[in-house]
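Chemist:
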Amino acid sequence: MVNLLISSAMNCVLVKKVVFSLASASPFGSPTDPAEWPEWVEERAAIIQFDGYRSPQEAYLSAYNEALEAWCSQHWEPPSSDSCAACGAPNPGFECGDGAAVCRRSDYACLIEYGTKRKQEAVKWLRRAGIEAASAIVDMGVSPLVPGDVITS
23 MVNLLISSAM
33 NCVLVKKVVF
43 SLASASPFGS
53 PTDPAEWPEW
63 VEERAAIIQF
73 DGYRSPQEAY
83 LSAYNEALEA
93 WCSQHWEPPS
103 SDSCAACGAP
113 NPGFECGDGA
123 AVCRRSDYAC
133 LIEYGTKRKQ
143 EAVKWLRRAG
153 IEAASAIVDM
163 GVSPLVPGDV
173 ITS
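Numbering-wise, the sequence shown is residues 23 to 175 according to my numbering.
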């Protein structure tokens, strides 16, 4: 279980995005053939919209985030947990869900940097597969947290 105390307004949204992203892989399986990904994302969005009573935009956002995590699950090679995946410091102390580890810093800089790097690679790959994200989706559409919130996972 991970408890993160949000200490500043600036880091609230970023930490929520990283923690949410590391824990939100699709349970529905994803295609291994890149040509099938655009259809898979559209299908997931339709299911989410119907089953989750979501707007088309919210459904696509959820499906796109699932696709990002699905890509990371299939293709991302996390660095060794012996050193921080962001800054390279030894014995980082905070294990990410994918096997990598980052430093336990009060500003969460290493966690945010590693999560961002991981997602950027997935975004590039999805673009090459023909899946574009609208600016609202790139922003992840995550509602901000307020200082003092605690994220438990």
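For each residue, glycine too, the CB sits at the ideal point set by N, CA and C.
Nothing here was measured: the structure is a model prediction, and the numbers come from that model.
Bridge partners of V124, per DSSP?
Modeler: Paired residues: F116.
Chemist: With DSSP run on the structure shown, which of helix, strand or coil describes S84?
Modeler: Note: S84 maps to helix in three-state DSSP.
Chemist: Please classify S52: does DSSP put it in a helix, a strand, or coil?
Modeler: Looking at S52 - three-state DSSP - the assignment turns out to be coil, as it is neither helix nor strand.
Chemist: Taking Cβ to Cβ, would you say G74 is nearer than 8 Å to A81?
Modeler: It is a contact, given that the beta carbons lie within the stated cut-off.
Chemist: Assuming the contact rule is C-beta atoms closer than 8 Å, A151 and P60 should be a hit. Round their C-beta distance to whole Å, please.
Modeler: Right, the Cβ-Cβ distance comes to about 7 Å (below 8 Å), so this counts as a contact.
Chemist: Looking only at its chain, what residues have a beta carbon closer than 7 Å to the beta carbon of E135, apart from the 5 residues adjacent to it on each side?
Modeler: Excluding positions up to five away in sequence, the list reads A108.
Chemist: Can you name the start and end residues of the alpha helix (DSSP H) that E143 belongs to?
Modeler: Run containing E143: 131–150, per the alpha helix (DSSP H) assignment.
Chemist: Quick check: the Cα distance between M32 and K139, rounded to an integer number of angstroms?
Modeler: Because the pLDDT of M32 is 41, which lies under 50, any placement of that residue in the model is unreliable, and the question is left without a value.
Chemist: How close, in whole Å, do the beta carbons of S103 and A111 come, if the pair is a contact with beta carbons under 8 Å?
Modeler: At roughly 12 Å, the Cβ-Cβ gap does not stay under 8 Å, so S103 and A111 are not in contact.
Chemist: Comparing alpha-carbon positions, which option in L133, P101, D129, W93 lies nearest F116?
Modeler: Nearest of L133, P101, D129, W93 to F116, Cα basis: L133.
Chemist: Do you know offhand how far P53's Cα is from L148's?
Modeler: The alpha-carbon atoms of P53 and L148 are separated by roughly 12 Å.
Chemist: Report the rounded CA-to-CA distance for L83 versus E143, giving the unit in angstroms.
Modeler: About 18 Å.
Chemist: Can you tell me the Cα-Cα spacing of F72 and D55, whole angstroms?
Modeler: The straight-line gap from Cα to Cα measures roughly 26 Å.
Chemist: Can you tell me whether S95 is helix, strand or coil according to DSSP?
Modeler: Residue state, collapsed to three classes: helix.
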